[in-house]
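Trainee: Per the working numbering, the sequence shown starts with residue 52, numbered consecutively.
Sharing a structure below in structure tokens format, with a few things to ask.
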Amino acid sequence: MLKNEIIASFDDDSYPCDRDYFSRLVDIFSSYSEASIVATAIYDQNHPIQADLKQASWTASFVGCGCAYKKSDFLKTDGYLKLPLAYGAEESDLAIQLYAKGRKILHTEWLRVYHDTSYHHHQSATINAASIANIALLAFIRYPWIVWGKTLLQVANRIIYALRKKRYAGIFLGLSHIPQQLWLYRHYRKPTSISVIKQYFQLRKNPQPIPWQ
52 MLKNEIIASF DDDSYPCDRD YFSRLVDIFS SYSEASIVAT AIYDQNHPIQ
102 ADLKQASWTA SFVGCGCAYK KSDFLKTDGY LKLPLAYGAE ESDLAIQLYA
152 KGRKILHTEW LRVYHDTSYH HHQSATINAA SIANIALLAF IRYPWIVWGK
202 TLLQVANRII YALRKKRYAG IFLGLSHIPQ QLWLYRHYRK PTSISVIKQY
252 FQLRKNPQPI PWQ
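Below is the structure:
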């Protein structure tokens, strides 16, 4: 078990842009005690590194290749969904769990991470299929039934996105996997309140800027 309260997360092909990244990270958690997760500005082969602006906002979710957790808050959740390919589900699921416990996620461009990838692997049929099916799974596990209709729009939007990116392979596979996946993960269903889901949707659409501390 890790002993430190703050746990920095990276992928095997991502790393901090700044030498004082970890001291900055400690400062951020100290200044914003409500934050359970700090999400960084993430750059990649298609997005050049930008200035490290001293800005912060409450946001809906985060990306695992460049973030940090409070261990104590993470351990109060069910953790990540145990999925072979968790694209589109794992971070959002954890975020919803934390919001249900009254915690928050902070995003800041003062912390910068470079992800050394072009995302070409997202053309894969299996990844494209998982990205579609996992949207439905997340809704099944965490959304109250009254907002399930929104999930149809989310799945449709993901398909439209895939078509625009010419990621045709895996679309029908993803749709066909939805019923089986919901059945396999039926015991994981722990829907949260409508108020939490509304907060999550609102922050996805409009992150809330907060004063720099």
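Ideal Cβ placement from N, Cα and C applies to all residues, glycine included.
Can you find the residues in the same chain that come closer than 8 angstroms, C-beta to C-beta, to D144, ignoring five residues on each side of it along the sequence?
Mentor: Same-chain partners within the cutoff: Y131, L132, L189, I192 and R193.
Trainee: Comparing C-alpha positions only, which one of F125, I229 and F73 sits nearest to Q148?
Mentor: Closest by alpha carbon: F125.
Trainee: For S74, which of S84, E85, A86 and A59 has the nearest alpha-carbon?
Mentor: Ranking S84, E85, A86 and A59 by Cα distance to S74 puts A59 first.
Trainee: Quick check on DSSP: helix, strand or coil for R157?
Mentor: Going by the sequence as given, residue 157 is Leu instead of Arg. Strand at L157.
Trainee: Note down, one range per segment and in chain order, each alpha helix (DSSP H) of at least 4 residues found wholly within the stretch 207-255.
Mentor: The stretch 207-255 contains these whole alpha helix (DSSP H) runs: 222-235.
Trainee: Nearest CA to the CA of N97: which residue from Y120, R218, Y170 and G115?
Mentor: Considering only alpha carbons, the answer is Y170.
Trainee: Along the chain, where does the beta strand (DSSP E) containing F61 start, and where does it finish?
Mentor: Counting along the chain, the beta strand (DSSP E) containing F61 begins and ends at I57 to F61.
Trainee: Tell me the DSSP secondary structure of L162 in three-state form.
Mentor: Strand, per DSSP.
Trainee: Who are the Cβ neighbours of P258 in its own chain at under 6 angstroms, not counting the five residues just before and after it?
Mentor: Excluding sequence neighbours, P258 sits near S108 and T110.
Trainee: So, helix, strand or coil for S182, using DSSP?
Mentor: In this structure, S182 counts as helix in the three-state DSSP scheme.
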